[in-house]
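Its first residue numbered 0, the sequence shown is counted upward by one per residue in numbering that gives the first Met the number 0.
Glycine included, every Cβ here is placed at the ideal spot set by N, Cα and C.
It should be emphasised that the depicted structure is a prediction, and the values quoted were computed from it without experimental measurement.
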Amino acid sequence: MARGGGKPRHIPIRTCVACRQTSAKRALVRIVRDPEGNVGVDLTGKRPGRGAYLCPGKNCWDLALRRGTLDHALKTAVSAADRERLRAHSEQFPETAPDLT
Ligand SMILES: [Zn+2]
0 MARGGGKPRH IPIRTCVACR QTSAKRALVR IVRDPEGNVG VDLTGKRPGR GAYLCPGKNC
60 WDLALRRGTL DHALKTAVSA ADRERLRAHS EQFPETAPDL T
């Protein structure tokens with residue numbers, strides 16, 4: 000067998016907790032609940048704690064915040080202050096996430 004072709008690259012896939020679409024991990028935004036119970040956006044993808052992923056689209060963040068999907072995914076009650084911060088963060092996103100595939 001010939002060698003030197005492109006070696007298969009491992010692309011981690013995650014599921015958006017709001018719309019259940021799967022995408023490459025780096026295309027999604029990670030939300031993390033730290034050991035102190037604070038919930039916030041994890042821009043590095045490396046913060047310790049329980050994580051959940053959302054598409055970069057307002058619809059998904061809306062859904063996750065309004066329906067308690069995020070609370071469920073993180074197994075916590077996201078505080079009003081954290082909710083507000085997440086909502087503010089989602090302002091930069093388009094209404095729906097661009098096709099990530
Ligand atoms: Zn989504």
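Report task. May I ask which residues mark the beginning and end of the beta strand (DSSP E) holding A23? Result -> First-last of the beta strand (DSSP E) with A23: 21-23.
Query raised in the report: Is L69 buried or exposed, if buried means 16 or more other CB atoms sit within 10 Å of its CB?
Result: Burial call: buried.
Requested in this report: Could you tell me the boundaries of the beta strand (DSSP E) in which R29 lies?
Outcome: Unbroken beta strand (DSSP E) run through R29: 28-32.
Requested in this report: Report the option in P7, R8, K6, L27 whose CA atom is closest to the CA atom of T14.
Outcome: Nearest Cα to T14 within the set P7, R8, K6, L27: L27.
Query raised in the report: Contact between the stretch 37-46 and the stretch 54-65: three or more CB pairs below 8 Å?
Result: Touching, no, given that fewer than three Cβ pairs across the two stretches are closer than 8 Å.
**Report entry** Supposed contact pair G50 and D81 - C-beta distance, whole angstroms, cut 8 Å
**Finding:** Incorrect: roughly 14 Å between the Cβ atoms, too far for contact.
**Report entry** Under the three-state DSSP convention, the category C15 falls into
**Finding:** Strand.
Query - Integer Cβ distance of L73 from R32, believed to fall under 8 Å - result: Right, the Cβ-Cβ distance comes to about 4 Å (below 8 Å), so this counts as a contact.
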